[in-house]
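A.B. asks: Counting the sequence shown from 1 gives a position; the numbering used here is that position plus 1.
We treat Cβ as the ideally placed atom computed from N, Cα and C, and that holds for glycine.
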Amino acid sequence: MTLTTVSMEDYLEKIYLLIEEKGVARAADVAAALEVLPSSVSKMLKKLDEKELVKYEKYRGFTLTPKGSSLAKDIADKHHVLERLFHILEIPSENTYEEIEGMEHHIGKETSFCFRSLIRFLEENPDIRHFYLQYREEQIERLRNQGTRL
2 MTLTTVSMED YLEKIYLLIE EKGVARAADV AAALEVLPSS VSKMLKKLDE
52 KELVKYEKYR GFTLTPKGSS LAKDIADKHH VLERLFHILE IPSENTYEEI
102 EGMEHHIGKE TSFCFRSLIR FLEENPDIRH FYLQYREEQI ERLRNQGTRL
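1) Which class does L65 belong to by DSSP, given the choice of helix, strand or coil?
2) Taking a contact to mean a Cβ-Cβ separation below 7 Å, would you say T64 touches K56 in this structure?
3) Entirely within the stretch 35-100 and at least 3 residues each: give me those beta strand (DSSP E) ranges in chain order.
4) Please report the distance separating the alpha-carbon of T5 from that of M104.
5) Measure the C-alpha to C-alpha separation of F114 and F87 and round it to an integer number of angstroms.
6) Entirely within the stretch 92-148 and at least 3 residues each: give me those beta strand (DSSP E) ranges in chain order.
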């Protein structure tokens with residue numbers, strides 16, 4: 002099993018998404034997307050190459066290895082599932098992106114599957130979703146009346 006850090010996973014996910022969008026990922030594009038210096042991208046690419054997650058191709062940039070692509074796709078899928086979950090549950094947050102970014106690295110495939118099932122269930126049963134949202138609003142109001150802030 003390849004041990005990766007949250008930062009490595011962020012790079013892999015961004016590289017994967019750039020390749021999906023543009024067909025290739027270049028260091029400058031990764032740096033811009035992650036808002037980091039190109040030198041930081043170079044250092045990370047070296048680490049990812051050592052773990053056999055990316056392969057440098059002269060004059061073309063770099064590509065994900067099959068192992069890197071599989072891991073990156075997994076991370077991107079978790080991100081998408083969490084976005085859908087936040088949306089269907091109407092989670093109001095100014096920090097939704099940051100919260101999802103933090104969570105995606107700490108949920109496993111089984112949890113992701115359970116979230117997908119919940120999303121599908123709520124989409125197929127809008128009345129239950131409505132009752133949940135109504136219940137949540139009542140709970141929020143109760144907390145406000147007690148002087149508790151979320």
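C.D. replies: For this structure:
1) strand
2) yes
3) If we require 3 residues or more, the beta strand (DSSP E) runs fully inside the stretch 35-100 come out as 55-58, 62-65.
4) 15 Å
5) If I take the Cα positions, the gap works out to 15 Å.
6) Counting only runs of 3 or more, we get nothing.
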